[in-house]
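Heads up, this note's numbering is the position in the sequence shown plus 7, with the first residue counted as 1.
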Amino acid sequence: MIEKRQFYINGAWVNPLAAKDHKVINPSTEEPCAVISLGGQADTDAAVAAAKAAFPAWMATPAAERIAFAEKILEAYKARAEDMAQAISLEMGAPIDMAREQQVGAGSWHIANFIAAARDFAFDEPLGDHAPNDRIIHEAVGVVGMITPWNWPMNQVTLKVIAGLVAGCTMILKPSEESPLNAVIFAEIVDAAGLPKGVFNLVNGDGVGVGSQLTAHPDVDMISFTGSSRAGRIISKSAADTLKRVSLELGGKGANLIFADADDKAVKRGVIRCMNNTGQSCNAPTRMLVQREIYDQAVEIAAETANAIPVGPANEAGRHIGPVVNEVQFNKIQDLIQQGIDEGARLVAGGTGRPDGLNRGFYVKPTVFADVTNEMTIAREEIFGPVLSIIPFDTEEDGIRIANDTPYGLTNYVQTGDPARANRLARALRSGMVEMNGQSRGAGSPFGGMKQSGHGREGGKWGIEDFLEVKSVSGWT
Ligand code: NAD
């Protein structure tokens with residue numbers, strides 16, 4: 008059993024002050040695989056005090072030096088890539104090849120991109136003709152509490168930590184208690200890069216403990232949060248007492264509009280994308296909206312595709328999907344599949360229960376429902392498992408109306424052979440991101456949502472701006 012009880016505070020690995028033990032469960036086997044500590048108020052206070060003390064000097068460090076630290080982190084990150092992939096695979100169930108390529112790969116992609124974006128970033132700029140004697144200084148917000156989920160752990164940690172570092176913020180990272188091991192390795196990587204003490208701190212904990220302590224803490228200037236809309240609401244309310252800045256990356260219920268003139272791989276691509284990471288992605292295209300002319304054929308292809316997706320343990324090589332993260336999620340997904348059946352959706356692949364031969368572990372059958380209406384629970388709630396809902400539509404207007412009829416607004420997808428229509432939809436869909444015809448986002452592109460998917464943007468120069476104040480100085484000479 009792996010034991011990682013210490014926290015990284017003020018440049019050193021320290022024993023917890025007020026912690027209790029927490030077992031991390033391997034979702035492939037349902038057996039405990041590690042013990043960590045969940046911090047308490049004294050641990051949170053110590054980390055915040057370290058970050059606060061480190062802030063003035065770090066903020067004043069020239070951007071080029073901060074970027075040089077990010078370069079060292081990238082080097083150390085690449086050297087520990089295999090350790091992180093193993094940890095992610097063990098604790099949250101990502102199949103090992105996928106963990107290497109996508110989970111850990113996303114982290115190095117983001118670090119490299121922030122280095123490039125920060126090199127181009129004007130941290131200090133004249134206002135020009137509009138106000139010739141004024142200057143803008145983009146100055147770090149201060150001490151940031153960074154709270155991350157388990158589903159793409161290194162993706163989310165690097166999106167926050169590296170952007171915050173190059174912006175000049177100091178920080179306390181509280182990763183998800185479901186996937187803490189990879190964050191501990193990340194803290195070792197940061198330690199190896201030799202950052203000034205107190206700039207980066209890691210305290211493990213849960214939401215009601217360290218998470219809410221950071222959110223309420225008077226010396227924390229900002230919370231950067233990725234997780235559920237449920238926790239996002241609680242965090243917003245709690246942060247209001249100290250009027251701290253809050254950046255929220257929350258849930259989604261993305262629509263994938265497939266028009267009759269879409270390419271012939273569109274349906275298959277949509278199913279695979281929905282099921283990737285065992286359906287545990289905020290931006291998964293979970294509602295497939297199919298134009299009536301090709302509806303029956305699309306349902307058939309979707310069912311065939313889902314039935315052909317292998318499911319298996321995370322430590323096995325190959326292109327399969329693993330278990331979902333924990334028992335709570337497993338039971339919630341089972342209930343939602345049952346609800347889909349009870350509300351009258353037509354089950355065409357998968358269903359309740361574990362896949363054949365997998366009697367232990369949180370494995371879910373890749374599941375497809377046809378004849379779903381947008382009012383059904385499976386079309387409204389974020390399921391966070393390998394479950395796809397197919398909804399028919401007639402006209403473009405009809406498709407747009409159904410796609411936008413959701414409280415969420417993270418990513419929508421459009422598949423059509425008509426470029427003019429694709430561009431019309433890109434404007435009409437109310438979401439922070441629109442991906443067309445299988446084209447994925449570039450690393451420097453901003454990631455974030457509208458409506459109840461949150462606010463704030465991560466990635467590229469927008470991700471750096473999230474951690475900056477805009478200071479105007481008049482009378483600059
Ligand atoms: P979660 O909200 O339960 O937990 C996320 C993090 O918040 C964890 O570290 C948890 O300990 C902490 N937390 C929970 N309650 C808290 C509270 N009251 N105060 C402070 N911190 C609290 O979410 P999860 O189950 O870990 O992750 C899945 C969710 O994350 C899904 O809804 C998914 O859509 C969302 N997500 C969003 C994005 C995005 O960029 N929009 C990316 C990935 C995941």
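C-beta: ideal position from N, C-alpha, C; glycine also.
State yes or no: is the C-beta of Leu45 within less than 9 Å of the C-beta of Gly152?
For the 9 Å CB-CB criterion, Leu45 and Gly152 do not form a contact.
Counting Cβ pairs closer than 8 Å, one from the stretch 281-297 and one from the stretch 250-259, do we hit at least three?
yes
For Ala356, which beta-bridge partners are listed by DSSP?
Val375
Determine the direct distance from the alpha carbon of Cys40 to that of Leu24, and round the result to whole angstroms.
23 Å
May I ask you to check if the CB of Gln163 is nearer than 8 Å to at least one heavy atom of ligand 1?
Yes, Cβ of Gln163 sits closer than 8 Å to a heavy atom of ligand 1.
Three-pair Cβ contact test at 8 Å for the stretch 217-228 versus the stretch 176-183:
yes
Need the endpoints of the alpha helix (DSSP H) that Lys11 sits in, please.
Premise fails: Lys11 lies in the beta strand (DSSP E), Ile9 to Lys11, not in any alpha helix (DSSP H).
Nearest-angstrom Cα separation, counted from Met99 out to Thr285:
11 Å
Cβ of Ile397 within 9 Å of Cβ of Val375?
yes
So which of Gly319, Ile407, Arg252 and Val206 has the shortest CA-CA distance to Val371?
Gly319
Relative to ligand 1, is the shortest distance from any of its heavy atoms to the C-beta of Leu81 smaller than 8 Å?
no
Within the same chain, show all residues whose beta-carbon is closer than 7 Å to that of Ala61, passing over the 5 residues directly before and after it, in chain order.
Sequence-distant Cβ neighbours of Ala61 in its own chain, meaning closer than 7 Å and more than five residues away, are Thr177, Pro203, Lys204, Gly205 and Val206.
CB-CB length for Gly261 against Ala238, believed under 8 Å:
With a Cβ gap of about 20 Å, Gly261 and Ala238 do not count as contacting.
If the criterion is Cβ atoms closer than 9 Å, does the pair Ser479 and Ala247 meet it?
no
For a test of the three-state rule: what should DSSP assign to Met383, helix, strand or coil?
Reduced to three states, the DSSP call for Met383 is coil.
From which residue to which residue does the beta strand (DSSP E) around Thr233 run?
Met229 to Thr233
Across the stretch 425-437 and the stretch 187-195, are there enough close Cβ pairs to call them in contact, namely three or more that are closer than 8 Å?
no
Do Phe73 and Leu172 have their C-beta atoms closer together than 9 Å?
It is Arg, not Phe, that sits at residue 73 in the sequence shown. Result yes, Cβ atoms of Arg73 and Leu172 sit closer than 9 Å.
Does any heavy atom of ligand 1 sit closer than 8 Å to the C-beta of Ser460?
Yes.
Rounded to the nearest angstrom, what separates Thr384 and Ser438 at their Cα positions?
21 Å
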